[in-house]
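Chains as they are written, first to last, in the numbering used here: chain Y, 1 to 112; chain A, 113 to 224.
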Amino acid sequence: NAGVMQNPRHLVRRRGQEARLRCSPMKGHSHVYWYRQLPEEGLKFMVYLQKENIIDESGMPKERFSAEFPKEGPSILRIQQVVRGDSAAYFCASSTEREKLFFGSGTQLSVL
Amino acid sequence: GENVEQHPSTLSVQEGDSAVIKCTYSDSASNYFPWYKQELGKGPQLIIDIRSNVGEKKDQRIAVTLNKTAKHFSLHITETQPEDSAVYFCAAVDQGAQKLVFGQGTRLTINP
């Protein structure tokens, strides 16, 4: 049973470009969470989704950031017009019961 | 919403000694408290969790204690080994928002 799969592991973008981060939850998991981590800091909640629904996006910036979890396919975190401050590790987690979260290996986004 | 404070931020112990990491939370309605271990370049891994209906839980060398009245919980690692070196995060469920809120992390170093 594969764990949470995130890709790419590393993503380099120039300022103004778009970044797309993908997350395939564990089999049977219908809850997906995105967290952001800056170096030497904790995990900051961004968004919580269930299939085709955004449940809580209170941690996500109102502009440039969006997330989806379609009926088919992976969850996508999209960052438009990236800026240097978007450089961070982005982690996806999935669960069946909103509590016991299993994390992927993350995507390290670097904005040049 | 929930707020989780974690101490210390760094901890160094001799191999074979015990390590203790402490967290406090603010929302008395929170009822689930997991601990995660994050190794360099990897995603957080769930190592132990506890629900509010018990005061202590143990799994081999690691244990977690919970004091609901004082709203704090602790991770105890006994007979530490070099492979225990990592960053450890505590978390609590924000009942109102249905998401995990993380502490700031503790960098644990085991000295041989």
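Where is the CB? At the ideal position from N, CA and C, for every residue including glycine.
Item to check | Integer-rounded CB distance, given that SER105/Y should sit under 8 Å from VAL12/Y | outcome: Actually they do not touch by this definition, with Cβ atoms about 17 Å apart.
Checklist entry - Got a sec? Which residues, its chain only, sit under 7 Å from SER124/A by beta carbon, not counting five neighbours each side? => result THR221, ASN223
Item to check | Cβ-Cβ separation, SER130/A to THR192/A (assumed contact under 8 Å), whole Å | outcome: 7 Å
Checklist entry - If we count the other Cβ atoms within 10 Å of its Cβ and call it buried at 16 or more, is LEU21/Y buried or exposed? => result buried
Item to check | Interface residues of chain Y facing TYR144/A [CB-CB closer than 7 Å] | outcome: GLU99
Next on the checklist: Less than 7 Å between C-beta atoms, sequence neighbours within five positions excluded: which residues of the same chain meet that for TYR90/Y?
Outcome noted: LEU21, TRP34, ARG36, LEU77, GLY106, THR107, LEU109
Checklist entry - Does the distance from the C-beta atom of TYR148/A to that of PHE201/A stay below 8 Å? => result yes
Item to check | Close-in-space but distant-in-sequence residues of the same chain around GLU114/A (CB under 7 Å, 5 per side omitted) | outcome: TYR137, SER138, ASP139, SER142, ALA204, ASP206, VAL213
Checklist entry - Roughly how many whole angstroms lie between the Cα atoms of GLY153/A and SER197/A? => result 13 Å
Item to check | Span separating the alpha-carbon of ALA161/A from that of CYS135/A | outcome: The sequence shown places Asp at residue 161/A, not Ala. Roughly 13 Å between the two C-alpha positions.
Checklist entry - Under a Cβ-count criterion, where at least 16 other Cβ atoms within 10 Å of its own Cβ denotes burial, should GLN118/A be classed as buried or exposed? => result buried
Next on the checklist: Pull the bridge partners of ASP139/A from the DSSP assignment, please.
Outcome noted: Paired residues: none, contrary to the question.
Item to check | Residues near PRO71/Y by beta carbon distance below 8 Å, same chain, minus five either side | outcome: The displayed chain sequence assigns Lys, not Pro, to residue 71/Y. Only LYS51, GLU52 meet the Cβ criterion.
Checklist entry - Alpha carbon to alpha carbon, what distance is there between CYS23/Y and GLU195/A? => result 28 Å
Checklist entry - Are the C-beta of PHE185/A and some C-beta of chain Y separated by less than 8 Å? => result no
Next on the checklist: Strictly by DSSP, which residues pair up with GLN81/Y?
Outcome noted: The partner list for GLN81/Y (beta bridge, DSSP) is empty, contrary to what the question assumes.
Next on the checklist: Once DSSP output is grouped into helix, strand and coil, what is the label at GLU168/A?
Outcome noted: strand
Item to check | Residues in the region 154 to 166 of chain A having any Cβ partner in chain Y nearer than 8 Å | outcome: LYS154, GLY155, PRO156, GLN157, LEU158, ASP161
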